[in-house]
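Heads up, the thing below is written out as structure tokens.
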């Protein structure tokens, strides 16, 4: 290995080590605003810092899967001896840094800190009270976890949740949703995670949504979607905000919504799915308030009120002309 490559690898190892130290500090100690500002400054210094942080944080989120899959891991392909000898010291060092970081994360999960998991099935809602006084409401098919000594730090692994956060200026409340981070002091808002997309709607107060490309602050009736490192924000009317929050009262509300969008929303709450393949039918606009789990009633409405046909199968209902 030449000197240039060696120095580059040393730098990469140093970045990994710092990222691991930040992750351990974040997950083992009380987190305050000053530490958050220092971490944000370090992340902003270099893209490599952000990449290392996201990689190690991803290892934390996937630690359960790593442990579960260890017994089924396949052998790695053999490395030519000369190449292995040439790169071995730096690969060993890189492996040690990553192993130490992952070891810290696994120790967090298996040690004294109790990882509490909350989940809802398709069509189910659930209320959760946290130790700091904050209250959460989980929507359909949602997965969320907390760590025992960090009541103001949660991970949203999928689905949607409404947060009513107890005010505590000294301890910001942090929600991790994939590559997105939501930071608040005390407010009410929803966070919805679909794959790599995170949607935040603020009902009261202010919320900070961060991504690798930057951050935005949202106020009441503002909504933002973060996906692929890009954040798009929009103002909502009180009626639109209420429509998006109707699920908390067991309803879904449509207003000039296309049938394709309505079907997708119903499919979040039901194992028996609505299928709308005809583009003309999919583009029809509908409105009204509905019980999200009553997909059969919605299909009958489409038949009786719109003259459409519903072909019923065990796992789906196909809507056609």
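Numbering (full-length UniProt numbering), first residue to last: 1 to 321.
Idealized CB from N, CA, C, for every residue including glycine.
From a predicted model like this one, the values you see are computed outputs, not experimental measurements.
inquiry  = On the criterion of 16 or more Cβ atoms from any shown chain inside 10 Å, does residue 217 qualify as buried, or is it exposed?
reply    = As a working mapping, residue 217 is identified with position 217 in the chain shown. Residue environment for residue 217: exposed (fewer than 16 other C-beta atoms within 10 angstroms of its C-beta).
task = Can you grab the Cα-Cα spacing for the pair residue 15 / residue 168, in whole Å?
result = The residue labelled residue 15 in the question sits at position 15 within the chain shown. The residue labelled residue 168 in the question sits at position 168 within the chain shown. If you draw a straight line from the Cα of residue 15 to the Cα of residue 168, it comes to about 32 angstroms.
query = What's the gap between the Cα of residue 228 and the Cα of residue 47?
reply = Working through the chain shown from its first residue, we reach residue 228 at position 228. Working through the chain shown from its first residue, we reach residue 47 at position 47. Roughly 15 angstroms separates the two Cα atoms.
request  = Answer yes or no: do residue 187 and residue 205 have a C-beta to C-beta separation smaller than 8 angstroms?
outcome  = On the chain shown, residue 187 is found 187 positions in, with the first residue counted as 1. On the chain shown, residue 205 is found 205 positions in, with the first residue counted as 1. Yes.
ask   = Mind checking whether residue 233 and residue 239 have CB atoms under 8 angstroms apart?
value = Residue mapping note: residue 233 aligns to position 233 of the chain shown, counting from 1. Residue mapping note: residue 239 aligns to position 239 of the chain shown, counting from 1. Not closer than 8 angstroms, so no.
message = Please identify the residue among 184, 129 and 282 whose C-alpha is closest to the C-alpha of residue 260.
response = Taking the chain shown and counting its residues from 1, the one referred to as residue 260 is at position 260. Nearest Cα to residue 260 within the set 184, 129 and 282: 282.
query = Going along the chain, which residues of its own chain have a beta-carbon closer than 8 angstroms to the beta-carbon of residue 275, five neighbours each way excluded?
reply = In the chain shown, residue 275 corresponds to position 275, counting from 1. Excluding the 5 residues flanking it on each side, residue 275 has same chain C-beta neighbours closer than 8 angstroms at 263, 316, 317, 318 and 319, in chain order.
message = Measuring straight from C-alpha to C-alpha, what distance separates residue 181 and residue 207?
response = Sequence index remark: in the chain shown, residue 181 carries index 181 (1-based). Sequence index remark: in the chain shown, residue 207 carries index 207 (1-based). For residue 181 and residue 207, the distance between alpha carbons rounds to 10 angstroms.
request  = Buried or exposed for residue 321, please, with buried defined as at least 16 other CB atoms from any protein chain shown within 10 angstroms of its CB.
outcome  = Here residue 321 is taken as the residue at index 321 of the chain shown, counted from 1. Counting C-beta atoms within 10 angstroms of its own C-beta, residue 321 has fewer than 16 neighbours from the protein chains shown and is therefore classed as exposed.
ask   = Between the C-alpha atoms of residue 51 and residue 273, what's the straight-line distance to the nearest angstrom?
value = Reading the chain shown from its first residue, position 51 is the one you call residue 51. Reading the chain shown from its first residue, position 273 is the one you call residue 273. Using only the alpha carbons, I get a separation of about 38 angstroms.
query = If you compare alpha carbons, which of 203, 183 and 179 is closest to residue 190?
reply = As a working note, residue 190 is residue 190 in the chain shown. Taking residue 190 as reference, the option from 203, 183 and 179 with the minimal CA-CA separation is 203.
request  = Entirely within the stretch 241-305 and at least 3 residues each: give me those beta strand (DSSP E) ranges in chain order.
outcome  = Counting only runs of 3 or more, we get 252-258, 273-275 and 285-290.
request  = From the DSSP output, in three-state form, read off residue 176 for me.
outcome  = Stepping through the chain shown from its first residue, residue 176 is reached at position 176. In the three-state scheme derived from DSSP, where H, G and I count as helix and E and B as strand, residue 176 is classed as strand.
query = How many Å lie between residue 256 and residue 285 at the Cα?
reply = The count along the chain shown starts at 1 and reaches residue 256 at position 256. The count along the chain shown starts at 1 and reaches residue 285 at position 285. A direct Cα-Cα distance of roughly 5 angstroms separates residue 256 from residue 285.
inquiry  = What would DSSP say about residue 81, mapped onto helix, strand or coil?
reply    = Translated into the one-based positions of the chain shown, residue 81 becomes position 81. For residue 81, the predicted model reports a pLDDT of 40, less than 50, meaning its position is unreliable and no value from the coordinates is stated.
ask   = Should residue 235 go down as buried or exposed, given a rule of 16 or more other Cβ atoms within 10 Å for buried?
value = Counting from 1 along the chain shown, the entry for residue 235 is found at position 235. Exposed: under 16 other Cβ atoms inside 10 Å.
ask   = Who pairs with residue 117 in a beta bridge, going by DSSP?
value = Mapped onto the chain shown, residue 117 falls at position 117. In DSSP, residue 117 forms a bridge with 145.
query = Distance, Cα to Cα, residue 291 vs residue 45?
reply = Here residue 291 is taken as the residue at index 291 of the chain shown, counted from 1. Here residue 45 is taken as the residue at index 45 of the chain shown, counted from 1. As the crow flies, the alpha-carbon of residue 291 is around 49 angstroms from that of residue 45.
Cβ shell of residue 137 (< 7 angstroms), same chain only, five flanking positions each side left out = Position 137 of the chain shown holds residue 137. Once the five neighbours on either side are set aside, the close Cβ partners of residue 137 are 125, 127, 161, 162 and 248.
message = Tell me which residue opens and which closes the beta strand (DSSP E) that residue 158 is part of.
response = The residue you call residue 158 lines up with position 158 of the chain shown. Start and end: 150-164.
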